[in-house]
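Residue numbers (the working numbering): -19 to 324. Ideal Cβ placement from N, Cα and C applies to all residues, glycine included. Values in this document were obtained by computation on a predicted structure and should not be read as measured data. What follows is a single structure, written as structure tokens, with notes after it.
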Amino acid sequence: MRFLYAVMLLFILAATALVLAFDGKILHGIARQGLAAFHPSAPGTITRSRVVEHRDSDGSTYGFEVRYAYEAGGRAYEGSQYRYGAWRSSNKRVAEDLARRFPVGAIVPVFHDPESPGDAVLVTGIQGVDLFLLLFMNPFNLVMLVGLRGVLGLLLGGDEERLGVFMRAGRVHVRLEGVSALAVGVMALGGSSFLSIFVVGFVTGFEPPLAVAVLTWGAVLTTGVVFARRQRAKLDSGDCDLILDETNRRLSLPVGAGREARLDVPWSQVTSVVLEERTEKDNEGDLVTRWCPTLVLAAPHGGKRNETLVEWSDEHKAAVLVKWLKSRLPHAQGVEKGRLSVPG
């Protein structure tokens, strides 16, 4: 199993390198745009200005091609970039607006690097497109971080870390259901980012004004925080937790898996812990396997009955829970493995 996790880690690291390369290019352009606002300027003359169309199998994109002459420190220079980190766009209007703003023959301020006067731009400062590009990368960055965190947790974490075991009020809690508040916040952040890309992109031609980009980022971040706080409140209630009271030697089973209310079970009633495999058909008629950590309880009048704790699709995680429960309930018999097929 660890070999599989190691392979997954290598795949994620390769994808991470690609994502970070795009992040680096965007952030480098943003940093240079911000610094350029503090560079000295010199008058320059536009010598070339036109809209350039690039065609491929996906359609056409448009860029702004410009050349300008200027002097700095007594030397003549020619520049060809209007800003740092410029990208072609499917929105032709943006390139046309730039061509009108910088027509041939116009005298314009040229902002140049004092340490390298040949490095110059016509437009300085952070623009809406910069924040929009970061928004575009946001879902990829979040998937990258979640993937790294998950695989590293599987490789380096122990059983209790994998199960999310924690102490509260002197009792041991195991969260059987419910995604973490961080995960919900990340999913909300990624989902709202993805949605905003299309909504804002189509409305503004993928070139939003700075104010629109800032407001969009504010809405995306707020969405992530709100969903995370709501999930935190839900999890803090403990409704999804299996609770082990080691002082009183009792188990408290959460609602779910056929239970409509919490079930309090004395440790002495647990005779064994088993891992059941349940196969049933889903709504589309496909067979689905669920792995069910199950307590075998002694019935009051003799015999035994099974009490399923939870149904998971992850066999390894379910087996880890069974193993962990055995370590906490040493009087229980050895782990058994059963199979149950439920007709669809």
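Alpha-carbon spacing of residue i relative to residue j, whole angstroms
i: H281; j: A208; result: 47 angstroms
i: L(-10); j: L128; result: 10 angstroms
i: V103; j: F91; result: 8 angstroms
i: V88; j: Y57; result: 14 angstroms
i: G133; j: A(-6); result: 18 angstroms
i: S160; j: G39; result: 42 angstroms
i: A298; j: A17; result: 57 angstroms
i: V152; j: R229; result: 11 angstroms
i: V179; j: V194; result: 15 angstroms
i: T251; j: V(-1); result: 51 angstroms
i: N263; j: T269; result: 14 angstroms
i: G29; j: W197; result: It is worth fixing the name first, because residue 29 is Ser in this sequence and not Gly. Approximately 33 angstroms between the Cα atoms of the pair.
i: C220; j: V101; result: 57 angstroms
i: W292; j: T202; result: 32 angstroms
i: D216; j: R148; result: 10 angstroms
i: H19; j: A75; result: 25 angstroms
i: E302; j: T41; result: Looking at the sequence shown, residue 302 is not Glu but Val. Answer to the nearest angstrom: the Cα atoms are 57 angstroms apart.
i: G170; j: P23; result: 44 angstroms
i: L309; j: W247; result: 7 angstroms
i: V254; j: D294; result: 15 angstroms
i: V126; j: A168; result: 13 angstroms
i: S307; j: E256; result: 19 angstroms
i: V31; j: E45; result: 6 angstroms
i: E240; j: S70; result: 55 angstroms
i: M124; j: M117; result: 11 angstroms
i: K214; j: L143; result: 18 angstroms
i: G53; j: T27; result: 21 angstroms
i: L305; j: V206; result: 35 angstroms
i: L113; j: T288; result: 48 angstroms
i: D77; j: A11; result: 24 angstroms
i: A191; j: I106; result: 11 angstroms
i: F120; j: L277; result: 47 angstroms
i: W271; j: R258; result: 6 angstroms
Opposing strand residues paired with residue i [DSSP bridges]
i: E45; result: R30
i: A22; result: V90
i: A56; result: E51
i: W292; result: W271
i: A75; result: According to DSSP, which records beta bridges pairwise, A75 is partnered with nothing at all.
i: D244; result: S232
i: G39; result: D36
i: A(-14); result: None; A(-14) has no bridge partner.
i: R284; result: A small correction: the amino acid at residue 284 is Lys; Arg does not occupy that position in the sequence shown. Bridge partners of K284: A278.
i: S69; result: Y42
i: R239; result: G236
i: S96; result: D93
Residue i burial status per 10 Å Cβ neighbour count (16 or more: buried)
i: R63; result: buried
i: H8; result: exposed
i: R35; result: exposed
i: P267; result: Inspection of the sequence shows that residue 267 is occupied by Leu rather than by Pro. Flag for L267 reads exposed.
i: D110; result: buried
i: F186; result: buried
i: T(-4); result: buried
i: L156; result: buried
i: F146; result: exposed
i: P234; result: buried
i: P188; result: buried
i: G165; result: buried
i: T227; result: exposed
i: V290; result: buried
i: E141; result: exposed
i: S60; result: exposed
i: L175; result: exposed
i: L(-16); result: exposed
i: P97; result: buried
i: G265; result: exposed
i: P273; result: buried
i: V154; result: buried
i: V131; result: buried
i: S172; result: buried
i: G204; result: buried
i: F182; result: exposed
Host beta strand (DSSP E) of residue i (start-end)
i: R309; result: Looking at the sequence shown, residue 309 is not Arg but Leu. Per DSSP, L309 belongs to no beta strand (DSSP E) and is neither H nor E.
i: D225; result: D221 to D225
Closer than 7 angstroms: residue i CB and nearest the ligand ADP heavy atom
i: V166; result: In terms of ligand content, the structure shown is empty, and the ligand ADP therefore cannot be addressed.
Residue range of the alpha helix (DSSP H) that includes residue i
i: F186; result: Here F186 belongs to no alpha helix (DSSP H), and DSSP marks it neither H nor E.
i: V205; result: L190 to D216
query: Which full runs of the beta strand (DSSP E) of 3+ residues lie inside the region 101 to 161, going along the chain?
result: 145 to 148 and 151 to 155
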